[in-house]
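**Student:** Please read through the structure below; I'll follow up with questions.
Numbering (our numbering), first residue to last: 18 to 894.
In structure tokens:
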């Protein structure tokens, strides 16, 4: 529902999510409904009776042992620690990323609710509740004392619940939940638009099921429950209703997106553990404790695509099989470190983690191709090795949890020590590997409760990135934030520093580059401390842009070059089509969806979107300020683009507003058996055919031309095809141009190294050029052309751009060296001089950062660039 920007924008950012669970709709808690039956905020909490620990992230674990201060969970990876503190009746949840959650225990029920969320740096937000039959969130504060959120439950009627975000600020916003008889019927958003809900009551189970959601755009989702799921013996509920169909209606001009769910038989295995002799009353995950292998399945169909899912007893996906109507299969299979035949209590710590992922393509004729990716993790959940489908491996080493010279102790072994990318057929420590090294140290927390670990250096090749942080002597608002980043290479270093100034409702962040040659450049941005929106930015040329937003955080205006003679204002207006009169919507356009109106420089655009924000049509004003359609898109029942059309008009010379002629360019798309675009049909009758063959990694393309446009059914010309073959990096390895007789007319070959970088090109005349060496940033250092002439290149050391060449030399077949040209750059990566054949060109920067305003030619003539700025901050030249 909301993302709260806290502590002047330095976190923790917290997203408040509203969720619905049918199993929570039984009973009324003595007339107290909270947010409505079945609805609750996704906040960390512990339910003692169920021994269930739910986290704000959405993860839920079973507490398997709470006899000691440090609890044991069904989740065994050592990336979380739960500690019970009897002294202050709290539960502390320590996360691997350094975040801490404190849950306060209710003495009467022993349930616990999120009280405090703390970042690694010590910044916190606090949660307050109303205690009735249930705990209900009432307020959220940050560490600076700002009230971020408050909720009025409308007691005693509980019919209108008001949620206020940043209620004490000038940007306060309100959302209301409208409840009837304890059931949430609608949500009125801050812009007064409504999301409404319909339910279906199941009298046999006394449960409510969400049946329909209608969005402000008029789009809707509806759910049908014609399936039944059986429960294990001893269950306190009868067999439960299950979804049979999900329908999305997103436009009048598009088909509904209908997904059907296959009916499960009464004796089928299922999510709840049917057919297993377990005790439903046991609060633990009984299915997970089953001593034996257990699998269950589900199946969905949308359009011509059926997806079959298979899960193990830990509810882990082990297979996803996608099949089209022609029988072509894409099967994704997962293997885990756990042993699915053993109970959860006997599993190793990594049982939830995937060991491998394979993707198998299979045709009805039996052709197949398999791609495999493998993983290795340690007990802390750290990825220590990954081999992707190409065979490239990434190996990581982590600092010991007890601490080492370059990293203090950390119980979760959370900090990486080194990362190495190993090419195909390479070995650990090989010369051609890409190697990164990391060091860390501790700094003080903002709340003075201790220290926390932060990165100090990252080293790659002969470059080192060094971090520095604001310390205790700094403004408390920015303490522990990054103050600068410095890149060191040899004796030179260039740094980027960050400074902050604070206003009542915003802060300004200035970023300054200080180069190794004592040059500097700055840019800044002003950010709202309440919602994190960018209010303005000033680029390195001093050109300022300002922004404003509506209550849904959508931009409503953008002013570029603000305060200058070249100021350009762009405005945005958003409308739900259901709020407009039919007369305001062009004939033929959907009445379901949204419209965005953009006005700038006297030109207006109206873009019509469907209910999931896919563009359907665009209208643009002409010279007479009349809106005319300029583009249109159509989609199929799987939300894939079917047709894209563009329109142009020829206006008559008289005063008539009707166009004299209309021109339409359109492209129609068809999709192949793998979901790829296999055909593009153009307005002139031309057809581009594509044939993807994943079994040999090949793409065949061919054009069908219409020789007689007036009679498109006649005189078709099938042009020669071309074939491209790929490696597992999806790099082209072979390009063939065929004749009409399907013979190879010309062929170009490419080869690559173990990291997927090109090493050679062989032309149709069998001449070969090679790339002999790359630098650390994959730029070409040495190459040999088809005439056996060798080129060498050097680059600006503080740029990763392939265009920042400082020298290009050639060594001909007689080994005579010759310099083709040199360039000089300053510390801001601006080109200052270019030399070719002894002729020098100099570039001077006094007004502009992006481009020089004066060029001194080899003839010693000065050429001045116009000082007029475009709205992108670059000169108009």
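C-beta atoms are modelled at their ideal positions from N, C-alpha and C, and glycine is treated no differently.
Identify, in the order they occur along the chain, each residue of the same chain with its Cβ nearer than 7 Å to the Cβ of residue 436, setting aside the five sequence neighbours on each side.
**Tutor:** Answer for residue 436: 411, 413 and 453, listed in chain order.
**Student:** Just the C-alpha distance for residue 34 and residue 403, rounded to the nearest angstrom, thanks.
**Tutor:** Going by the C-alpha atoms only, they are around 33 Å apart.
**Student:** Decide if residue 712 is buried, meaning its Cβ has at least 16 other Cβ atoms within 10 Å, or exposed.
**Tutor:** Its Cβ having fewer than 16 others within 10 Å, residue 712 is exposed.
**Student:** Between the alpha carbons of residue 242 and residue 275, how many angstroms are there, rounded?
**Tutor:** Distance between the alpha carbons of residue 242 and residue 275: 14 Å.
**Student:** Taking C-beta to C-beta, are residue 462 and residue 139 nearer than 8 Å?
**Tutor:** Contact flag set, yes.
**Student:** By DSSP's criteria, residue 312 is part of a beta bridge. Which residues make up the other side?
**Tutor:** Its beta-bridge partners are 329.
**Student:** Jot down the residue ranges of each uninterrupted beta strand (DSSP E) in the region 479-546, minimum 3 residues, whole runs only, in chain order.
**Tutor:** Listed in chain order, the complete beta strand (DSSP E) runs (minimum 3 residues) inside the region 479-546 are 480-486, 499-506, 509-519, 523-531 and 537-545.
**Student:** For residue 168, collect the residues of the same chain with a Cβ closer than 8 Å to its Cβ; drop the 5 residues on either side in sequence, then sort them by chain order.
**Tutor:** So the list reads 153, 154, 155, 156, 178, 179, 180 and 181, once near-sequence residues are dropped.
**Student:** By the DSSP assignment, the beta strand (DSSP E) with residue 780 in it spans what residues?
**Tutor:** First-last for residue 780: undefined, no H or E at that position.
**Student:** Which first and last residues belong to the beta strand (DSSP E) in which residue 157 is found?
**Tutor:** Note, residue 157: beta strand (DSSP E), 152-159.
**Student:** Does the region 826-835 come within contact of the region 508-528, defined as at least 3 CB pairs closer than 8 Å?
**Tutor:** Taking 8 Å as the limit for Cβ pairs, the verdict is that the region 508-528 does not touch the region 826-835.
**Student:** Mind checking who residue 787 pairs with in its DSSP beta bridge?
**Tutor:** Residue 787 is bridged to 777 and 801.
**Student:** Indicate the three-state DSSP secondary structure (helix, strand or coil) for residue 359 in the structure shown.
**Tutor:** Note: residue 359 maps to coil in three-state DSSP.
**Student:** Does the separation of the CB atoms of residue 900 and residue 594 fall below 8 Å?
**Tutor:** For residue 900 there is no data in the structure shown, the boundaries of the chain being 18 and 894.
**Student:** Return the chain-ordered list of same chain residues with a C-beta closer than 8 Å to the C-beta of residue 185, the five sequence neighbours on each side being excluded.
**Tutor:** Contacts found: 163 and 164.
**Student:** For residue 45, which residues of its own chain have a beta-carbon under 6 Å away from its beta-carbon, when the five flanking residues on both sides are left out?
**Tutor:** So the list reads 199, once near-sequence residues are dropped.
**Student:** Just curious, the beta strand (DSSP E) that residue 563 is in, first and last residue?
**Tutor:** Counting along the chain, the beta strand (DSSP E) containing residue 563 begins and ends at 561-566.
**Student:** In chain order, what are the residue ranges of uninterrupted beta strand (DSSP E) at least 3 long that sit wholly in the region 637-717?
**Tutor:** Those beta strand (DSSP E) runs which fall completely within the region 637-717 and span 3+ residues are 644-652, 658-668, 676-688, 694-699 and 704-710.
**Student:** Hey, how far is the Cα of residue 224 from the Cα of residue 254?
**Tutor:** Their backbone Cα atoms lie some 10 Å apart in a straight line.
**Student:** Going by DSSP, what residues sit across from residue 572 in a beta bridge?
**Tutor:** In the DSSP output, where bridge partners are listed per residue, residue 572 has 566.
**Student:** Only counting the same chain, and skipping five residues up and downstream in sequence, which positions put a Cβ closer than 7 Å to that of residue 568?
**Tutor:** The answer, listed in chain order, is 190, 207 and 208.
**Student:** Would DSSP call residue 845 helix, strand or coil?
**Tutor:** Looking at residue 845 - three-state DSSP - the assignment turns out to be coil, as it is neither helix nor strand.
**Student:** Output the boundary residues of the beta strand (DSSP E) element that contains residue 459.
**Tutor:** Element bounds for residue 459: 451-461.
**Student:** Using a Cβ-Cβ cut-off of 8 Å, state whether residue 389 counts as contacting chain B.
**Tutor:** Protein chains in the displayed structure number just one, and chain B is not present.
**Student:** Could you check what DSSP says for residue 834 in three-state terms: helix, strand or coil?
**Tutor:** Strand, per DSSP.
**Student:** By the three-class DSSP mapping on this structure, what secondary structure does residue 23 have?
**Tutor:** Three-state result, residue 23: coil.
**Student:** According to the Cβ coordinates, are residue 663 and residue 633 closer than 8 Å?
**Tutor:** Contact: no.
**Student:** May I have the straight-line CA-CA distance separating residue 841 from residue 823, to the nearest angstrom?
**Tutor:** Straight-line Cα distance between these residues: approximately 6 Å.
**Student:** Leaving out five residues on either side along the sequence, give the residues of the same chain with a beta carbon under 6 Å from the beta carbon of residue 881.
**Tutor:** Same-chain partners within the cutoff: 871.
**Student:** Going by alpha carbons, who is nearest to residue 144 out of 120, 245 and 106?
**Tutor:** Ranking the options by Cα distance to residue 144, first place goes to 120.
**Student:** Taking contact to mean 3 or more Cβ pairs, one atom from each stretch, closer than 8 Å, check whether the region 58-65 and the region 579-591 are in contact.
**Tutor:** Counting Cβ pairs under 8 Å, fewer than three are found: no touch.
**Student:** Rounded to whole angstroms, what's the CA-CA distance from residue 709 to residue 740? Just pull it up for me.
**Tutor:** Going by the C-alpha atoms only, they are around 10 Å apart.
**Student:** I need the boundaries of the beta strand (DSSP E) containing residue 217, first residue and last residue.
**Tutor:** Looking at the DSSP string, the run of the beta strand (DSSP E) that includes residue 217 is 211-219.
**Student:** Please classify residue 66 as buried or exposed, where buried requires at least 16 other C-beta atoms within 10 Å of its C-beta.
**Tutor:** Its Cβ having fewer than 16 others within 10 Å, residue 66 is exposed.
**Student:** Starting from residue 592, trace the beta strand (DSSP E) both ways and give me its first and last residue.
**Tutor:** Residue 592 -> beta strand (DSSP E) spans 585-593.
**Student:** Once you ignore the five residues that flank residue 679 on each side, which residues in its own chain have a CB closer than 7 Å to its CB?
**Tutor:** 664 and 666.
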